[in-house]
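Visitor: Quick one: this structure, given as structure tokens, is what I'll be asking you about.
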Amino acid sequence: MNIAIVGAGAAGLFLAKLIAKNKDLQIYIFEKNSKPGFKIKASGGGKANIFNTHISGECYNNSAFIADLLCRVTPQTIAREFENMGLRMSTDEEGRVYPATFFSQTVLDVLLENLHQNVHFEYDYFVSKFVKTNNYFKINNLEIKFDKLIWATGSPAGVIAKNRIDIGDCLTDFKIQKNEFQPSLVGFKLLKYPKSLSGCRCKARCSLFQKQQLIYSETGEITFKDDGVSGIVILNLSAYYNRLKDKGNCSIHFDLIPDDPDYDERRHWQQFNSFKGLIHPKLVQYYERNPFSIRNLKFDIKGVYDFEFAQVCHGGIKVEEIDKNFELKKLKNVYVLGEMLDIDGLCGGYNLFFAWASAWIVAQQFYSPKTR
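The opening position of the sequence shown corresponds to residue 550 in my numbering, with each subsequent residue numbered one higher.
Spelled out as structure tokens, the structure:
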């Protein structure tokens with residue numbers, strides 16, 4: 550049986566590793582880049598935050614879909630598979646799981662090591678079309694007939710404009726419905742923003758509001774840039790921002806002394822006539838020019854940064870288009886994995902978990918009785 554996997558990223562490589570033990574399969578992996586695992590290497594700031602132990606449906610859009618998925622595959626399932634591949638892991642206090650080396654190349658090396666002779670890679674190869682004839686598929690102008698086709702090409706996240714392509718565009722010929730990709734887990738551009746704050750880093754309670762309604766709030770370190778803000782907490786706010794149908798009238802609010810809600814900042818000012826011992830020097834300078842509440846520094850949101858600055862995307866093929874095994878309902882023997890689907894989670898290993906989990910579900914369809 551010939552299997553085509555389009556995309557040598559997390560989902561594609563994990564699937565190939567899992568099913569390669571079935572010697573009845575000939576597995577062909579097509580990758581548009583010259584090397585595999587581009588986003589794996591970038592994950593976790595180069596440390597590869599491979600999943601999180603606190604996975605739940607609420608961490609994602611389309612949360613009901615994830616809740617059903619978790620009845621079949623869990624973080625423990627993925628941990629066991631990686632352990633069986635020889636990967637030692639380390640978990641931090643937030644439940645983020647990394648390779649014990651804290652080096653992303655380790656994950657890629659484990660996925661590529663000892664792949665059987667039945668796995669064939671084609672790099673610098675872009676799949677622009679496929680056709681279905683009887684029970685077989687043909688890709689581009691290749692003569693090979695494929696029995697099953699797996700799409701794992703990811704999303705435009707982290708890709709500069711000139712290298713961006715229409716992900717899975719040839720699926721539209723089969724009337725597969727999708728939502729437009731939008732940058733997610735990405736920084737915010739802000740209106741009437743003081744460029745003087747650029748380079749300031751501090752901890753804050755960050756809250757996303759639409760008009761007077763609180764959408765999401767989280768505490769963490771933020772980085773002020775030339776025209777907006779970034780940081781893990783900001784990326785998580787952007788995930789909730791992208792889920793809003795109407796993104797108008799949104800603002801972000803910063804409590805700059807989040808660890809002590811009872812601290813009386815007014816009394817501090819009366820006593821010292823300054824906030825120099827309380828907040829970052831650049832914020833002090835901004836306050837001196839434009840006084841604000843250090844419990845509620847507010848900026849209106851202009852939008853988010855472009856795709857090249859995003860960790861993942863919001864949007865993709867609608868989950869209604871696939872069954873519980875990630876097979877397209879309109880195209881038998883065609884599967885869609887990971888970021889190609891309209892599933893995105895918070896920062897901290899949630900999105901890589903979905904890539905591994907979707908691949909694991911599909912892998913179960915390819916095990917022969919001898920390899921189970």
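For every residue, glycine included, the Cβ atom is placed at its ideal position computed from N, Cα and C.
May I ask you to report which of helix, strand or coil DSSP gives Tyr789?
Guide: Here Tyr789 sits in helix by DSSP.
Visitor: Could you name the residues that DSSP lists as bridge partners for Asn551?
Guide: The partner list for Asn551 (beta bridge, DSSP) reads Gln575.
Visitor: State the Cα-Cα distance for the pair Gly826 and Gly707, rounded to the nearest angstrom.
Guide: Cα-Cα distance, rounded: 38 Å.
Visitor: What distance in whole Å lies between the Cβ atoms of Ile599 and Val646, which are believed to be in contact at a cut-off of 8 Å?
Guide: Correct: roughly 6 Å between the Cβ atoms.
Visitor: Give a yes or no on whether 9 Å exceeds the smallest Cβ distance from Leu618 to chain D.
Guide: Among the protein chains of the structure shown there is no chain D, as only one such chain exists.
Visitor: Among all the DSSP beta bridges, which residues are the ones paired with Asn728?
Guide: Answer is Gly865, bridged to Asn728.
Visitor: Contact between the region 717-729 and the region 609-625 is defined here as three or more beta-carbon pairs at a separation below 8 Å; is this criterion met?
Guide: The region 717-729, when compared against the region 609-625, does not touch it at the 8 Å Cβ threshold.
Visitor: Looking at the structure shown, is Phe692 part of a helix, part of a strand, or coil, going by DSSP?
Guide: According to the sequence as given, residue 692 is Glu; it is not Phe. Coil.
Visitor: Please name the residue in Cys799, Ser800, Phe841 whose C-alpha comes closest to that of Trp818.
Guide: Among Cys799, Ser800, Phe841, the Cα nearest to that of Trp818 belongs to Phe841.
Visitor: Below 9 Å between beta carbons: does that hold for Tyr812 and Cys799?
Guide: Cβ distance not < 9 Å, so Tyr812 and Cys799 don't count as in contact.
Visitor: Which residues bound the alpha helix (DSSP H) around Gly561?
Guide: Taken as a continuous stretch (DSSP letters only), the alpha helix (DSSP H) holding Gly561 covers 559-568.
Visitor: When the Cα atoms are used, what is the spatial distance from Ser621 to Asp872?
Guide: Checking the displayed sequence, the identity of residue 621 turns out to be Arg instead of Ser. Whole-angstrom Cα-Cα distance: 14 Å.
Visitor: Starting from Lys699, trace the alpha helix (DSSP H) both ways and give me its first and last residue.
Guide: The sequence shown places Ile at residue 699, not Lys. Not the alpha helix (DSSP H): Ile699 falls in the beta strand (DSSP E), residues 697-700.
Visitor: Compare the C-alpha of Thr702 against each of Tyr899, Gly898, Tyr884 and name the closest.
Guide: The shortest C-alpha separation from Thr702 is found at Tyr884.
Visitor: Which partner residues does Ser766 have in the DSSP bridge list?
Guide: Paired residue(s): Ser756.
Visitor: Let me confirm a value: Gln820 is counted as buried when at least 16 other C-beta atoms fall within 10 Å, else exposed. Which label applies?
Guide: Its Cβ having fewer than 16 others within 10 Å, Gln820 is exposed.
Visitor: What residue does the alpha helix (DSSP H) around Val622 start on, and which one ends it?
Guide: Element bounds for Val622: n/a, residue is neither H nor E.
Visitor: Starting from Glu837 and walking both ways along the alpha helix (DSSP H), at which residues does that stretch end?
Guide: It spans 830-838 - the alpha helix (DSSP H) in which Glu837 sits, taken as one unbroken run.
Visitor: Taking C-alpha atoms, which residue in Ser747, Ser677, Ser592, Gly865 lies nearest to Lys831?
Guide: For Lys831, the nearest C-alpha among the options comes from Ser747.
Visitor: Report the residue from Ile892, Tyr854, Leu880 whose alpha carbon sits nearest the alpha carbon of Gly865.
Guide: Nearest of Ile892, Tyr854, Leu880 to Gly865, Cα basis: Ile892.
Visitor: Quick one: using the 10 Å Cβ neighbour count with 16 as the cut-off for buried, is Val680 buried or exposed?
Guide: It is exposed - the Cβ of Val680 has fewer than 16 other Cβ atoms within 10 Å.
Visitor: Compute the distance between the beta-carbons of Arg815 and Asn610, then report whether it is under 9 Å.
Guide: No, the pair does not count as a contact, with Cβ atoms beyond the cut-off.
Visitor: Helix, strand or coil, according to DSSP, for Val885 in the structure here?
Guide: Three-state DSSP puts Val885 in a strand.
Visitor: Count the other CB atoms, across all protein chains shown, that sit within 10 Å of the CB of Ser733; report buried if there are 16 or more and exposed otherwise.
Guide: Looking at its Cβ environment, which holds 16 or more other Cβ atoms inside 10 Å, Ser733 is buried.
Visitor: Cα separation between Ala560 and Leu786?
Guide: Near 26 Å, if we compare the C-alpha coordinates of Leu786 and Ala560.
Visitor: Could you pull the start and end residues of the beta strand (DSSP E) that Ile850 belongs to?
Guide: Looking at the DSSP string, the run of the beta strand (DSSP E) that includes Ile850 is 846-853.
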